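A.B. asks: Going by UniProt numbering, the first residue of the sequence shown is number 1, and it counts up by one from there. Take this structure, written in structure tokens, and hold onto it; I'll ask about it next.
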Amino acid sequence: MGSVAILLYHTQLSKFLLVRQFRPAVFTSLVANLPENHDKEYSEIQWSDYSPELGYTVEMCAGLIDKEGLTPEEIASEEVAEECGYNVEPSRLQSISTFVVGAHQSGNAQYLYYAEIDEQMRIGDGGGNVHEGEVISKVYWTVEEAKNVACPDGGHCDVKGPPGVLFAFQWWFFGRKNEKSLPPPTSYTWQPRNVRTADGIKFNTNFDRKKYGYNPKRMKFTLNSITRTWDMSLCPDTATCILVDSVKRELILLQTLRIQVLVGKSRSLEENQGKRIFDIDFGKSDPKMAYTEQDVSKLWFHFSSQC
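Encoded structure:
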């Protein structure tokens, strides 16, 4: 599924409003990849020996696009009310960007928005949907704390959360309109070259899960007196390198064919809403949608290689 995320700024407090929540997949991945747990089966790991704090992340208010008949803006508005307790009408959401967040596997898109809030818009305490197993607490970051994430001293940024947090803060500090520090505008628009059409797309579930690092799990656990089950798809970590030509003063990026991105973007088209993946004619999709522009990256299998 696609998703929405919203960067919220509280104008009266002069702080950003984020959410803190336990992510079972983050906890599982971090614990399983500790040196003492390498080469162990999951049944052999003493999970209760590790603090649940390992699984907590700080993120923007966000949610899946899982309700038929609602626009991404309407879903984003619902998520702000549910998780943070503020009423933000869809018309007050400013679109920042739409980008692919699952290029290696799912090809799904995330719609990123910005909204300013104040106490007159408050309608509740937030906290998420307990019936869906969400246990969410609100976190307020000062502008200075956020700036240290967007442009940290020493150049190292450590964000325990999705990369969208970093992207959103960098947009807020360096990419908004009327920002004096912005570079001159450019008319450049990236277009893929040597585009090839993907034909004969079919789907099945017969593949080597171990080879591609695909590891589906169903986790059952109790946290804060609430017992939940959580489905996850564990994957290898990735290593990424930003390359710069210091002579030409240019970033070096890769044009990559991602069939899964074509699938994900095609599913989000209006004419394909509500269709099963097997019923979509991908041959009618614009082949340019299958291409991404990205930095150099590599899947990182902890058990077989080093970064």
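Just so it is clear, CB atoms sit at the ideal spot from N, CA and C, and this is done for glycine as well. Since this is a predicted model, take the numbers as computed values, not measurements.
Pairing CB atoms from the segment 85-99 with CB atoms from the segment 109-118, are three or more of them under 8 Å?
C.D. replies: Touching, yes.
A.B. asks: Rounded to a whole number of angstroms, what is the C-alpha to C-alpha distance between residue 230 and residue 220?
C.D. replies: If you take the alpha carbons of residue 230 and residue 220, they lie about 6 Å apart.
A.B. asks: Would you say the segment 34-50 touches the segment 19-26, given that touching needs at least three Cβ pairs under 8 Å?
C.D. replies: Counting Cβ pairs under 8 Å, fewer than three are found: no touch.
A.B. asks: Taking DSSP as the reference, what is the three-state secondary structure of residue 241?
C.D. replies: It is a strand residue.
A.B. asks: In the structure shown, what three-state DSSP assignment does residue 86 receive?
C.D. replies: Of the three classes helix, strand and coil, the one that applies to residue 86 here is strand, per DSSP.
A.B. asks: How would you write the range of the beta strand (DSSP E) that residue 63 sits in, first residue to last?
C.D. replies: Its beta strand (DSSP E) spans residues 61-64.
A.B. asks: What is the rounded straight-line gap between the Cα of residue 305 and the Cα of residue 37?
C.D. replies: Unreliable positioning characterises residue 305 in this predicted model, as indicated by a pLDDT of 34, which lies under 50. A coordinate reading is not provided.
A.B. asks: Residue 168 lies in the alpha helix (DSSP H); which residues open and close that run?
C.D. replies: Note, residue 168: alpha helix (DSSP H), 163-170.
A.B. asks: List the endpoints of the continuous beta strand (DSSP E) containing residue 95.
C.D. replies: 94-100 is the extent of the beta strand (DSSP E) around residue 95.
A.B. asks: According to the Cβ coordinates, are residue 13 and residue 60 closer than 8 Å?
C.D. replies: No, Cβ-Cβ distance for residue 13 and residue 60 is not below 8 Å.
A.B. asks: Can you give the Cα-Cα distance for residue 277 and residue 64, rounded to whole angstroms?
C.D. replies: Rounded to the nearest angstrom, the two C-alpha atoms are 18 Å apart.
A.B. asks: With DSSP collapsed to three states, give me the class of residue 140.
C.D. replies: Correct three-state label for residue 140: strand.
A.B. asks: Just the C-alpha distance for residue 126 and residue 83, rounded to the nearest angstrom, thanks.
C.D. replies: In a straight line, the C-alpha of residue 126 is about 4 Å away from that of residue 83.
A.B. asks: Look at residue 138 and residue 17 and say whether their C-beta atoms are less than 8 Å apart.
C.D. replies: Their beta carbons are under 8 Å apart, which means residue 138 touches residue 17 by this criterion.
A.B. asks: Specify the secondary structure class of residue 279 as computed by DSSP and reduced to three states.
C.D. replies: In the structure shown, residue 279 sits in a helix (DSSP, three-state: H, G or I).
A.B. asks: Give the secondary structure of residue 113 by DSSP, where H, G and I count as helix, E and B as strand, and everything else as coil.
C.D. replies: Looking at residue 113 - three-state DSSP - the assignment turns out to be strand.
A.B. asks: Looking only at its own chain, which residues have a Cβ that is under 8 Å from the Cβ of residue 51, when we skip the five neighbours before and after it?
C.D. replies: Around residue 51: no qualifying Cβ.
A.B. asks: What residue range does the beta strand (DSSP E) around residue 223 cover?
C.D. replies: Segment 215-223, the beta strand (DSSP E) holding residue 223.
A.B. asks: Which same chain residues end up closer than 6 Å to residue 180 when comparing Cβ atoms and leaving out the 5 residues on each side of it in sequence?
C.D. replies: A caution first: residue 180 carries a pLDDT of 47, below 50, which makes its placement in the model too unreliable to give a value.
A.B. asks: How many Å lie between residue 174 and residue 148 at the Cα?
C.D. replies: Looking at the two C-alpha atoms, the distance is approximately 13 Å.
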